[in-house]
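Chemist:
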Amino acid sequence: MQRLNTYRSGPDEHGHFGIYGGRFVAETLMPLILEVEQAYNAAKVDPAFKAELRHYLTHYVGRPSPLYLAERLTARFGGAKVYFKRDELNHTGAHKINNCMGQILLAKRMGKRRIIAETGAGQHGVATATVCALFDLPCTIYMGETDIERQKPNVFRMKLLGAEVKPVSSGSRTLKDAMNEALRDWVTNVEDTFYIIGTVAGPHPYPAMVRDFQSVIGEEVREQMIAAEGRLPDSLVACIGGGSNAMGLFYPFLDEPTVRMVAVEAAGHGIETGAHAASLTGGRPGVLHGNRTYLLQSEDGQITEGHSISAGLDYPGIGPEHSWLHDVGRVEYISATDNEALDAFQMCSRLEGIIPALEPSHALAAVTKLAPTLPKDHLLVMNLCGRGDKDIFTVADALGVKI
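Here the sequence shown is numbered in my numbering, starting from 59 and rising by one per residue.
#1: Do alanine 179 and valine 295 have their CB atoms nearer than 8 Å?
#2: By DSSP's criteria, leucine 127 is part of a beta bridge. Which residues make up the other side?
#3: Going along the chain, which unbroken runs of the alpha helix (DSSP H) with 4 or more residues stay wholly within the segment 323-391?
#4: Mapping the DSSP letters down to three states, classify arginine 445 as helix, strand or coil.
#5: Within its chain, find whatever has a CB closer than 6 Å to the CB of histidine 153; leave out the 5 residues flanking it on each side and keep chain order.
#6: Leaving aside the five residues before and after glycine 276 along the sequence, list all residues of the same chain whose C-beta is less than 7 Å from its C-beta, in chain order.
#7: In angstroms with no decimal places, state the Cα-to-Cα distance between lysine 427 and leucine 371.
#8: Does the separation of the CB atoms of valine 184 and arginine 215 fall below 8 Å?
#9: Just tell me which of Phe135, Gly79, Gly68, Ser337 has its CA closest to the CA of leucine 436.
#10: Roughly how many angstroms separate the alpha carbons of alanine 399 and leucine 457, rounded to a whole number?
#11: Buried or exposed for alanine 464, going by 16 or more other Cβ atoms inside 10 Å?
#12: Is it true that the CB of proline 265 sits closer than 8 Å to the CB of isoleucine 91?
#13: Does at least one heavy atom of the ligand PLP sit under 7 Å from the Cβ of glycine 137?
#14: If you compare alpha carbons, which of Asp104, Lys143, Asn157, Ser337 is closest to tyrosine 126?
#15: Can you tell me whether arginine 61 is buried or exposed? The criterion is at least 16 other CB atoms within 10 Å of its CB, across all chains shown.
#16: With contact counted as at least three CB pairs below 8 Å, one residue from each stretch, are the segment 328-338 and the segment 402-413 in contact?
#17: With distances taken between CB atoms, is the gap from lysine 224 to isoleucine 255 smaller than 8 Å?
#18: Which residue comes first and which comes last in the alpha helix (DSSP H) that contains valine 279?
#19: Assuming contact is defined by CB atoms lying nearer than 8 Å, are tyrosine 114 and methionine 159 in contact in what I supplied?
#20: By alpha-carbon positions, which one of Ile162, Tyr141, Pro378 ends up nearest to leucine 422?
#21: Check the C-beta distance from valine 258 over to threonine 86 and give it rounded, since I have them as a contact under 8 Å.
#22: Thinking valine 119 and asparagine 156 are a contact (beta carbons under 8 Å), I'd like their distance in whole angstroms, please.
#23: Would you identify the three-state DSSP class for serine 230, choosing helix, strand or coil?
#24: Is it buried or exposed, glutamine 360, if we count other Cβ atoms within 10 angstroms and call 16 or more buried?
#25: Does the beta-carbon of valine 459 have 16 or more other beta-carbons within 10 angstroms, so that it is buried, or is it exposed?
#26: Going by DSSP, what residue range makes up the alpha helix (DSSP H) through phenylalanine 451?
#27: Compute the Euclidean distance between the alpha carbons of arginine 408 and proline 124, then round it to the nearest angstrom.
#28: If contact is defined by three or more beta carbon pairs under 8 Å, each pair taking one atom from either stretch, is the segment 380-392 in contact with the segment 336-349?
#29: Which residue or residues does DSSP assign as beta-bridge partners of cysteine 297?
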(Lines of atoms letter the chains of each structure in order from A; the text may use other names.)
(Lines give C-alpha, C1' and ligand atoms only; values in the text may rest on other atoms or scores of the structure.)
Protein backbone atom coordinates (compact mmCIF):
# COMPACT_ATOMS: atom_id res chain seq x y z
CA MET A 59 0.00 0.00 0.00
CA GLN A 60 1.24 3.45 -0.97
CA ARG A 61 0.87 5.69 2.13
CA LEU A 62 0.15 9.36 1.46
CA ASN A 63 -0.12 12.31 3.83
CA THR A 64 -3.74 12.72 2.77
CA TYR A 65 -6.20 10.85 0.56
CA ARG A 66 -8.71 13.73 0.61
CA SER A 67 -6.96 16.39 -1.49
CA GLY A 68 -8.25 15.29 -4.90
CA PRO A 69 -9.11 16.01 -7.56
CA ASP A 70 -6.56 18.45 -8.96
CA GLU A 71 -7.67 21.59 -10.82
CA HIS A 72 -8.26 19.54 -13.96
CA GLY A 73 -10.39 16.95 -12.20
CA HIS A 74 -7.78 14.20 -11.98
CA PHE A 75 -7.37 11.61 -9.24
CA GLY A 76 -3.90 10.34 -10.16
CA ILE A 77 -4.26 9.28 -13.82
CA TYR A 78 -8.07 8.97 -13.55
CA GLY A 79 -10.96 11.38 -13.97
CA GLY A 80 -10.68 14.46 -16.18
CA ARG A 81 -13.09 15.94 -18.72
CA PHE A 82 -13.53 13.98 -21.94
CA VAL A 83 -16.62 15.67 -23.41
CA ALA A 84 -17.86 17.12 -26.69
CA GLU A 85 -16.66 20.66 -27.43
CA THR A 86 -20.29 21.82 -27.23
CA LEU A 87 -20.50 20.73 -23.60
CA MET A 88 -17.23 22.19 -22.34
CA PRO A 89 -18.59 25.70 -21.61
CA LEU A 90 -21.48 24.22 -19.64
CA ILE A 91 -19.20 21.87 -17.71
CA LEU A 92 -17.02 24.83 -16.76
CA GLU A 93 -20.15 26.77 -15.77
CA VAL A 94 -21.26 23.91 -13.50
CA GLU A 95 -17.80 23.78 -11.91
CA GLN A 96 -17.75 27.53 -11.29
CA ALA A 97 -21.27 27.48 -9.83
CA TYR A 98 -20.48 24.54 -7.56
CA ASN A 99 -17.22 26.06 -6.30
CA ALA A 100 -19.14 29.20 -5.34
CA ALA A 101 -22.08 27.33 -3.81
CA LYS A 102 -20.08 25.00 -1.56
CA VAL A 103 -18.51 27.91 0.31
CA ASP A 104 -21.73 29.95 0.46
CA PRO A 105 -23.34 29.72 3.94
CA ALA A 106 -26.78 30.38 2.41
CA PHE A 107 -26.47 27.39 0.05
CA LYS A 108 -25.25 25.14 2.86
CA ALA A 109 -28.09 26.27 5.13
CA GLU A 110 -30.71 25.65 2.43
CA LEU A 111 -29.31 22.17 1.72
CA ARG A 112 -29.22 21.34 5.44
CA HIS A 113 -32.83 22.50 5.79
CA TYR A 114 -34.09 20.16 3.07
CA LEU A 115 -31.90 17.23 4.19
CA THR A 116 -33.33 17.53 7.69
CA HIS A 117 -36.97 18.35 7.06
CA TYR A 118 -37.62 16.69 3.68
CA VAL A 119 -35.11 13.83 3.30
CA GLY A 120 -35.22 12.88 6.99
CA ARG A 121 -31.56 13.08 7.96
CA PRO A 122 -29.70 12.10 10.00
CA SER A 123 -30.48 8.49 9.12
CA PRO A 124 -30.10 6.09 12.09
CA LEU A 125 -27.02 4.03 12.91
CA TYR A 126 -28.49 0.68 13.95
CA LEU A 127 -26.81 -2.22 15.75
CA ALA A 128 -27.96 -5.38 13.95
CA GLU A 129 -28.00 -7.59 17.03
CA ARG A 130 -29.37 -10.79 15.51
CA LEU A 131 -26.95 -10.73 12.59
CA THR A 132 -24.12 -9.94 15.00
CA ALA A 133 -25.11 -12.97 17.08
CA ARG A 134 -25.35 -15.14 13.94
CA PHE A 135 -21.88 -14.16 12.75
CA GLY A 136 -20.29 -14.49 16.20
CA GLY A 137 -17.62 -11.89 15.53
CA ALA A 138 -17.64 -8.14 14.89
CA LYS A 139 -20.47 -5.90 16.06
CA VAL A 140 -22.38 -5.15 12.84
CA TYR A 141 -23.98 -1.74 12.48
CA PHE A 142 -26.17 -0.60 9.58
CA LYS A 143 -26.11 3.00 8.39
CA ARG A 144 -29.78 3.10 7.47
CA ASP A 145 -29.91 5.30 4.40
CA GLU A 146 -32.74 3.15 3.08
CA LEU A 147 -34.95 5.08 5.52
CA ASN A 148 -34.43 8.33 3.60
CA HIS A 149 -37.39 9.77 1.70
CA THR A 150 -37.58 7.82 -1.62
CA GLY A 151 -35.86 4.80 -0.03
CA ALA A 152 -32.18 5.19 -0.85
CA HIS A 153 -29.08 7.38 -0.46
CA LYS A 154 -29.59 8.84 -3.95
CA ILE A 155 -31.69 11.78 -2.75
CA ASN A 156 -28.74 13.25 -0.78
CA ASN A 157 -27.03 14.08 -4.06
CA CYS A 158 -30.20 14.98 -5.99
CA MET A 159 -31.15 17.57 -3.37
CA GLY A 160 -27.72 19.20 -3.66
CA GLN A 161 -27.74 19.23 -7.45
CA ILE A 162 -31.30 20.54 -7.83
CA LEU A 163 -30.47 23.47 -5.53
CA LEU A 164 -27.40 24.14 -7.68
CA ALA A 165 -29.49 23.98 -10.87
CA LYS A 166 -31.88 26.54 -9.38
CA ARG A 167 -28.97 28.86 -8.55
CA MET A 168 -27.82 28.55 -12.16
CA GLY A 169 -31.29 29.42 -13.48
CA LYS A 170 -31.77 26.12 -15.32
CA ARG A 171 -35.34 25.37 -16.35
CA ARG A 172 -35.16 21.67 -17.30
CA ILE A 173 -33.67 18.59 -15.60
CA ILE A 174 -32.47 15.34 -17.17
CA ALA A 175 -31.02 12.22 -15.55
CA GLU A 176 -30.17 8.59 -16.21
CA THR A 177 -31.14 5.68 -13.99
CA GLY A 178 -30.46 1.97 -13.68
CA ALA A 179 -32.28 0.52 -10.66
CA GLY A 180 -34.61 3.51 -10.72
CA GLN A 181 -33.61 4.87 -7.31
CA HIS A 182 -31.72 7.82 -8.81
CA GLY A 183 -34.58 8.38 -11.26
CA VAL A 184 -37.14 8.42 -8.45
CA ALA A 185 -35.00 10.78 -6.36
CA THR A 186 -34.53 13.12 -9.35
CA ALA A 187 -38.25 13.05 -10.20
CA THR A 188 -39.02 13.77 -6.55
CA VAL A 189 -36.88 16.91 -6.29
CA CYS A 190 -38.17 18.11 -9.67
CA ALA A 191 -41.75 17.76 -8.40
CA LEU A 192 -40.77 19.61 -5.21
CA PHE A 193 -39.30 22.55 -7.14
CA ASP A 194 -41.69 22.44 -10.13
CA LEU A 195 -39.11 21.72 -12.83
CA PRO A 196 -39.82 19.49 -15.88
CA CYS A 197 -37.90 16.23 -15.69
CA THR A 198 -36.82 13.65 -18.28
CA ILE A 199 -35.34 10.33 -17.12
CA TYR A 200 -33.46 8.01 -19.50
CA MET A 201 -33.73 4.32 -18.60
CA GLY A 202 -32.76 1.17 -20.48
CA GLU A 203 -35.60 -1.09 -21.60
CA THR A 204 -34.11 -4.04 -19.70
CA ASP A 205 -34.09 -2.01 -16.48
CA ILE A 206 -37.62 -0.72 -17.14
CA GLU A 207 -38.81 -4.31 -17.29
CA ARG A 208 -37.12 -5.41 -14.05
CA GLN A 209 -37.79 -2.21 -12.07
CA LYS A 210 -41.46 -1.59 -12.90
CA PRO A 211 -42.44 -0.19 -9.48
CA ASN A 212 -39.83 2.57 -9.75
CA VAL A 213 -40.89 3.40 -13.32
CA PHE A 214 -44.46 3.89 -12.10
CA ARG A 215 -43.23 6.03 -9.19
CA MET A 216 -41.28 8.31 -11.54
CA LYS A 217 -44.36 8.78 -13.73
CA LEU A 218 -46.57 9.47 -10.70
CA LEU A 219 -44.11 12.19 -9.72
CA GLY A 220 -44.57 13.81 -13.12
CA ALA A 221 -41.36 12.73 -14.87
CA GLU A 222 -41.13 11.62 -18.48
CA VAL A 223 -39.40 8.22 -18.63
CA LYS A 224 -37.69 7.71 -22.00
CA PRO A 225 -36.92 4.05 -22.79
CA VAL A 226 -33.45 3.37 -24.25
CA SER A 227 -33.28 0.46 -26.69
CA SER A 228 -29.62 0.65 -27.75
CA GLY A 229 -26.80 -1.62 -26.54
CA SER A 230 -27.65 -3.80 -23.57
CA ARG A 231 -30.60 -1.47 -22.77
CA THR A 232 -29.22 -0.82 -19.25
CA LEU A 233 -27.54 2.00 -17.31
CA LYS A 234 -24.57 2.55 -19.66
CA ASP A 235 -26.89 3.10 -22.60
CA ALA A 236 -29.20 5.35 -20.57
CA MET A 237 -26.21 7.57 -19.69
CA ASN A 238 -25.22 7.73 -23.38
CA GLU A 239 -28.68 9.04 -24.29
CA ALA A 240 -28.72 11.54 -21.43
CA LEU A 241 -25.39 12.97 -22.61
CA ARG A 242 -26.77 13.27 -26.18
CA ASP A 243 -29.79 15.16 -24.81
CA TRP A 244 -27.50 17.50 -22.85
CA VAL A 245 -25.35 18.30 -25.90
CA THR A 246 -28.54 19.23 -27.78
CA ASN A 247 -30.06 21.34 -25.00
CA VAL A 248 -27.11 23.06 -23.34
CA GLU A 249 -28.85 26.40 -22.82
CA ASP A 250 -31.62 25.49 -20.39
CA THR A 251 -30.87 21.95 -19.18
CA PHE A 252 -29.07 20.66 -16.07
CA TYR A 253 -27.93 17.02 -16.01
CA ILE A 254 -28.19 15.45 -12.52
CA ILE A 255 -25.64 12.60 -12.69
CA GLY A 256 -26.38 9.97 -10.08
CA THR A 257 -22.98 8.58 -9.19
CA VAL A 258 -19.34 9.58 -8.67
CA ALA A 259 -18.56 9.27 -12.38
CA GLY A 260 -18.76 11.47 -15.48
CA PRO A 261 -16.73 14.57 -16.36
CA HIS A 262 -15.23 16.82 -13.69
CA PRO A 263 -16.70 18.30 -11.46
CA TYR A 264 -19.36 15.56 -11.12
CA PRO A 265 -17.26 12.85 -9.37
CA ALA A 266 -16.14 15.28 -6.67
CA MET A 267 -19.48 17.07 -6.45
CA VAL A 268 -21.51 13.87 -5.99
CA ARG A 269 -18.92 12.64 -3.44
CA ASP A 270 -19.25 15.86 -1.47
CA PHE A 271 -23.06 15.67 -1.37
CA GLN A 272 -22.95 12.00 -0.32
CA SER A 273 -20.27 12.56 2.35
CA VAL A 274 -23.06 13.44 4.77
CA ILE A 275 -23.34 9.64 5.22
CA GLY A 276 -19.82 9.21 6.61
CA GLU A 277 -19.92 12.43 8.57
CA GLU A 278 -23.02 11.23 10.42
CA VAL A 279 -21.46 7.78 11.01
CA ARG A 280 -18.47 9.44 12.67
CA GLU A 281 -20.66 11.38 15.12
CA GLN A 282 -23.09 8.51 15.73
CA MET A 283 -20.42 5.88 16.37
CA ILE A 284 -18.57 8.11 18.83
CA ALA A 285 -21.88 8.69 20.62
CA ALA A 286 -22.70 4.96 20.66
CA GLU A 287 -19.27 3.40 21.31
CA GLY A 288 -16.97 6.28 22.21
CA ARG A 289 -14.63 5.71 19.27
CA LEU A 290 -14.41 5.47 15.51
CA PRO A 291 -15.53 2.34 13.63
CA ASP A 292 -12.86 -0.24 12.77
CA SER A 293 -14.28 -1.25 9.38
CA LEU A 294 -16.59 0.24 6.76
CA VAL A 295 -18.26 -1.91 4.09
CA ALA A 296 -20.33 -0.76 1.09
CA CYS A 297 -21.46 -2.11 -2.27
CA ILE A 298 -20.13 -0.52 -5.41
CA GLY A 299 -21.43 0.03 -8.92
CA GLY A 300 -20.51 3.57 -9.92
CA GLY A 301 -19.63 3.95 -6.25
CA SER A 302 -21.56 6.90 -4.78
CA ASN A 303 -22.78 5.28 -1.55
CA ALA A 304 -19.33 3.81 -0.86
CA MET A 305 -17.58 7.12 -1.51
CA GLY A 306 -20.08 8.95 0.69
CA LEU A 307 -19.36 6.56 3.57
CA PHE A 308 -15.59 6.32 3.06
CA TYR A 309 -14.51 9.87 2.23
CA PRO A 310 -14.70 11.40 5.74
CA PHE A 311 -12.53 8.48 7.02
CA LEU A 312 -9.91 8.27 4.26
CA ASP A 313 -7.24 9.90 6.45
CA GLU A 314 -8.04 7.75 9.50
CA PRO A 315 -5.34 5.05 9.34
CA THR A 316 -7.12 2.74 11.81
CA VAL A 317 -10.28 2.50 9.70
CA ARG A 318 -10.36 -0.37 7.19
CA MET A 319 -12.53 0.13 4.11
CA VAL A 320 -13.98 -2.63 1.95
CA ALA A 321 -15.98 -2.05 -1.24
CA VAL A 322 -17.93 -4.92 -2.82
CA GLU A 323 -18.36 -5.22 -6.58
CA ALA A 324 -20.99 -7.37 -8.31
CA ALA A 325 -19.46 -10.71 -9.36
CA GLY A 326 -22.70 -11.73 -11.13
CA HIS A 327 -22.50 -15.39 -12.12
CA GLY A 328 -18.81 -15.43 -11.07
CA ILE A 329 -15.74 -13.49 -12.20
CA GLU A 330 -14.46 -16.55 -14.06
CA THR A 331 -17.62 -16.69 -16.22
CA GLY A 332 -17.17 -13.20 -17.61
CA ALA A 333 -20.82 -12.43 -16.69
CA HIS A 334 -20.14 -9.87 -13.95
CA ALA A 335 -19.93 -6.13 -13.31
CA ALA A 336 -16.65 -6.04 -11.36
CA SER A 337 -14.83 -3.21 -13.17
CA LEU A 338 -11.79 -3.15 -10.90
CA THR A 339 -11.41 -6.91 -10.58
CA GLY A 340 -12.05 -7.69 -14.25
CA GLY A 341 -11.47 -4.42 -16.13
CA ARG A 342 -8.69 -2.03 -17.12
CA PRO A 343 -8.33 1.75 -17.58
CA GLY A 344 -10.12 3.44 -20.48
CA VAL A 345 -12.41 6.40 -21.25
CA LEU A 346 -16.22 6.41 -21.03
CA HIS A 347 -18.88 8.99 -20.18
CA GLY A 348 -16.43 11.85 -19.86
CA ASN A 349 -13.82 10.35 -17.53
CA ARG A 350 -10.87 7.97 -17.49
CA THR A 351 -11.38 5.05 -15.15
CA TYR A 352 -11.44 1.25 -14.90
CA LEU A 353 -13.87 -0.23 -17.44
CA LEU A 354 -14.98 -3.65 -18.62
CA GLN A 355 -13.54 -3.95 -22.11
CA SER A 356 -12.88 -6.45 -24.86
CA GLU A 357 -9.32 -7.11 -26.05
CA ASP A 358 -9.70 -4.39 -28.72
CA GLY A 359 -11.01 -1.80 -26.23
CA GLN A 360 -14.76 -2.05 -26.87
CA ILE A 361 -16.92 -1.62 -23.75
CA THR A 362 -18.43 -4.94 -22.75
CA GLU A 363 -21.74 -5.40 -20.96
CA GLY A 364 -21.79 -5.80 -17.20
CA HIS A 365 -24.06 -8.35 -15.55
CA SER A 366 -25.58 -8.29 -12.09
CA ILE A 367 -28.89 -9.37 -10.65
CA SER A 368 -28.91 -5.84 -9.25
CA ALA A 369 -29.85 -3.18 -11.80
CA GLY A 370 -27.94 -0.58 -9.80
CA LEU A 371 -24.61 -2.41 -9.98
CA ASP A 372 -24.34 -3.53 -13.61
CA TYR A 373 -22.57 -0.39 -14.89
CA PRO A 374 -19.39 -1.46 -16.78
CA GLY A 375 -17.27 1.22 -15.08
CA ILE A 376 -16.60 2.83 -11.72
CA GLY A 377 -15.99 6.33 -10.38
CA PRO A 378 -12.44 7.61 -11.04
CA GLU A 379 -11.67 8.28 -7.37
CA HIS A 380 -12.31 4.60 -6.65
CA SER A 381 -9.89 3.65 -9.44
CA TRP A 382 -7.22 5.79 -7.78
CA LEU A 383 -7.97 4.46 -4.27
CA HIS A 384 -7.70 0.95 -5.69
CA ASP A 385 -4.30 1.63 -7.24
CA VAL A 386 -2.84 3.27 -4.13
CA GLY A 387 -4.31 0.51 -1.94
CA ARG A 388 -6.29 2.64 0.53
CA VAL A 389 -9.56 0.75 -0.10
CA GLU A 390 -9.95 -3.03 -0.54
CA TYR A 391 -12.14 -4.04 -3.47
CA ILE A 392 -13.69 -7.51 -3.37
CA SER A 393 -16.76 -9.04 -5.01
CA ALA A 394 -19.95 -11.01 -4.28
CA THR A 395 -22.02 -13.12 -6.69
CA ASP A 396 -25.73 -12.93 -7.49
CA ASN A 397 -26.40 -16.03 -5.41
CA GLU A 398 -24.45 -14.72 -2.43
CA ALA A 399 -26.44 -11.47 -2.58
CA LEU A 400 -29.72 -13.38 -2.75
CA ASP A 401 -28.75 -15.40 0.33
CA ALA A 402 -27.85 -12.20 2.20
CA PHE A 403 -31.11 -10.56 1.06
CA GLN A 404 -33.14 -13.38 2.64
CA MET A 405 -31.00 -13.57 5.78
CA CYS A 406 -31.42 -9.86 6.53
CA SER A 407 -35.16 -10.01 5.89
CA ARG A 408 -35.68 -12.90 8.27
CA LEU A 409 -33.22 -12.02 11.05
CA GLU A 410 -33.57 -8.24 11.20
CA GLY A 411 -37.01 -7.58 9.70
CA ILE A 412 -35.34 -5.36 7.12
CA ILE A 413 -35.77 -6.09 3.39
CA PRO A 414 -32.61 -4.63 1.81
CA ALA A 415 -32.16 -3.65 -1.83
CA LEU A 416 -30.15 -6.09 -3.92
CA GLU A 417 -27.35 -3.52 -4.11
CA PRO A 418 -26.46 -3.47 -0.37
CA SER A 419 -27.21 -7.20 -0.24
CA HIS A 420 -23.85 -7.57 -2.02
CA ALA A 421 -22.19 -5.65 0.82
CA LEU A 422 -23.96 -7.84 3.38
CA ALA A 423 -22.77 -10.95 1.53
CA ALA A 424 -19.22 -9.74 2.15
CA VAL A 425 -20.03 -8.98 5.80
CA THR A 426 -21.17 -12.58 6.29
CA LYS A 427 -17.60 -13.62 5.44
CA LEU A 428 -15.70 -10.80 7.18
CA ALA A 429 -17.56 -10.45 10.48
CA PRO A 430 -16.98 -14.02 11.79
CA THR A 431 -13.21 -13.57 11.33
CA LEU A 432 -13.07 -10.40 13.47
CA PRO A 433 -12.99 -10.02 17.29
CA LYS A 434 -16.20 -9.24 19.19
CA ASP A 435 -15.08 -5.70 20.03
CA HIS A 436 -14.52 -4.88 16.34
CA LEU A 437 -16.97 -2.21 15.12
CA LEU A 438 -18.12 -2.77 11.54
CA VAL A 439 -20.46 -0.36 9.72
CA MET A 440 -22.24 -1.41 6.51
CA ASN A 441 -24.09 1.16 4.43
CA LEU A 442 -27.63 -0.11 3.93
CA CYS A 443 -28.03 2.30 1.04
CA GLY A 444 -31.42 1.18 -0.32
CA ARG A 445 -34.54 -0.79 0.55
CA GLY A 446 -35.75 -3.80 -1.35
CA ASP A 447 -39.34 -2.98 -2.22
CA LYS A 448 -38.26 -2.40 -5.83
CA ASP A 449 -36.53 -5.79 -6.01
CA ILE A 450 -39.23 -8.16 -4.81
CA PHE A 451 -40.23 -9.17 -8.35
CA THR A 452 -36.62 -9.84 -9.37
CA VAL A 453 -35.98 -11.85 -6.20
CA ALA A 454 -39.23 -13.80 -6.52
CA ASP A 455 -38.34 -14.69 -10.11
CA ALA A 456 -34.82 -15.78 -9.07
CA LEU A 457 -36.27 -17.96 -6.30
CA GLY A 458 -38.92 -19.46 -8.59
CA VAL A 459 -41.81 -17.86 -6.71
CA LYS A 460 -44.91 -16.58 -8.52
CA ILE A 461 -46.49 -13.39 -7.09
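Backbone N, C-alpha and C define an ideal beta-carbon position, used for all residues, glycine too.
Modeler: Taking the definition as stated:
#1: Position 121 of the sequence shown, counted from the first residue, corresponds to residue 179. Position 237 of the sequence shown, counted from the first residue, corresponds to residue 295. Contact: no.
#2: Within the sequence shown, residue 127 is the residue found at index 69, counting from 1. Note: leucine 127 sits in a beta bridge opposite Tyr141.
#3: Taking only runs of at least 4 residues, the alpha helix (DSSP H) segments lying wholly in the segment 323-391 are 337-340, 378-386.
#4: If you number the sequence shown from 1, residue 445 lands on position 387. In the structure shown, arginine 445 falls within a strand segment according to DSSP collapsed to helix, strand and coil.
#5: Here residue 153 is taken as the residue at index 95 of the sequence shown, counted from 1. In the same chain as histidine 153, and ignoring 5 residues on each side of it, the C-beta atoms closer than 6 Å to its own belong to Asp145, Asn303, Cys443, in chain order.
#6: Along the sequence shown, one-based indexing puts residue 276 at 218. Answer for glycine 276: Gly306, Leu307, Phe308, Tyr309, Pro310, Phe311, listed in chain order.
#7: Within the sequence shown, the letter at position 369 stands for residue 427. Within the sequence shown, the letter at position 313 stands for residue 371. If you take the alpha carbons of lysine 427 and leucine 371, they lie about 20 Å apart.
#8: If you number the sequence shown from 1, residue 184 lands on position 126. If you number the sequence shown from 1, residue 215 lands on position 157. Result yes, Cβ atoms of valine 184 and arginine 215 sit closer than 8 Å.
#9: As a first step, residue 436 must be located in the sequence shown, where it is residue number 378. Contrary to the premise, residue 436 reads as histidine rather than leucine in this sequence. It is Phe135 whose Cα lies nearest to the Cα of histidine 436.
#10: If you number the sequence shown from 1, residue 399 lands on position 341. If you number the sequence shown from 1, residue 457 lands on position 399. One C-alpha to the other measures close to 12 Å.
#11: Outside the shown range of the chain, which is 59 to 461, sits residue 464, and nothing can be said about it.
#12: Within the sequence shown, residue 91 is the residue found at index 33, counting from 1. Within the sequence shown, residue 265 is the residue found at index 207, counting from 1. Not closer than 8 Å, so no.
#13: Of the ligands one can find in the structure shown there are none, so the ligand PLP has no counterpart to examine.
#14: Taking the first residue of the sequence shown as position 1, residue 126 is located at position 68. For tyrosine 126, the nearest C-alpha among the options comes from Lys143.
#15: If you number the sequence shown from 1, residue 61 lands on position 3. Answer is exposed; the Cβ neighbour count stays below 16.
#16: Touching, no, given that fewer than three Cβ pairs across the two stretches are closer than 8 Å.
#17: Locating residue 224 in the sequence shown gives position 166, counting from the first residue. Locating residue 255 in the sequence shown gives position 197, counting from the first residue. At a Cβ-Cβ threshold of 8 Å, lysine 224 and isoleucine 255 do not count as neighbours.
#18: The residue given as residue 279 occupies position 221 in the sequence shown. Per DSSP, valine 279 belongs to the alpha helix (DSSP H) from 274-287.
#19: Taking the sequence shown and counting its residues from 1, the one referred to as residue 114 is at position 56. Taking the sequence shown and counting its residues from 1, the one referred to as residue 159 is at position 101. A contact, by the Cβ cut-off of 8 Å.
#20: Reading the sequence shown from its first residue, position 364 is the one you call residue 422. For the residues Ile162, Tyr141, Pro378, the minimum Cα distance to leucine 422 belongs to Tyr141.
#21: Residue numbering aside, residue 258 sits at position 200 when the sequence shown is read from its first letter. Residue numbering aside, residue 86 sits at position 28 when the sequence shown is read from its first letter. That pair is no contact at about 24 Å.
#22: Position 61 of the sequence shown, counting from 1, holds the residue named residue 119. Position 98 of the sequence shown, counting from 1, holds the residue named residue 156. The pair is a contact, with the Cβ atoms about 7 Å apart (cut-off 8 Å).
#23: Counting from 1 along the sequence shown, the entry for residue 230 is found at position 172. It is coil, neither helix nor strand.
#24: Translated into positions along the sequence shown, residue 360 becomes position 302. Around the beta carbon of glutamine 360, fewer than 16 other beta carbons lie within 10 angstroms, which makes this residue exposed.
#25: For this step, residue 459 is matched to residue 401 along the sequence shown. Answer is exposed; the Cβ neighbour count stays below 16.
#26: To locate residue 451, count along the sequence shown from 1; it is residue 393. Note, phenylalanine 451: alpha helix (DSSP H), 450-457.
#27: On the sequence shown, residue 408 is found 350 positions in, with the first residue counted as 1. On the sequence shown, residue 124 is found 66 positions in, with the first residue counted as 1. So the alpha carbons of these two residues sit roughly 20 Å apart.
#28: Yes, they touch.
#29: On the sequence shown, position 239 is the one that residue 297 refers to. Partner(s): Val322.
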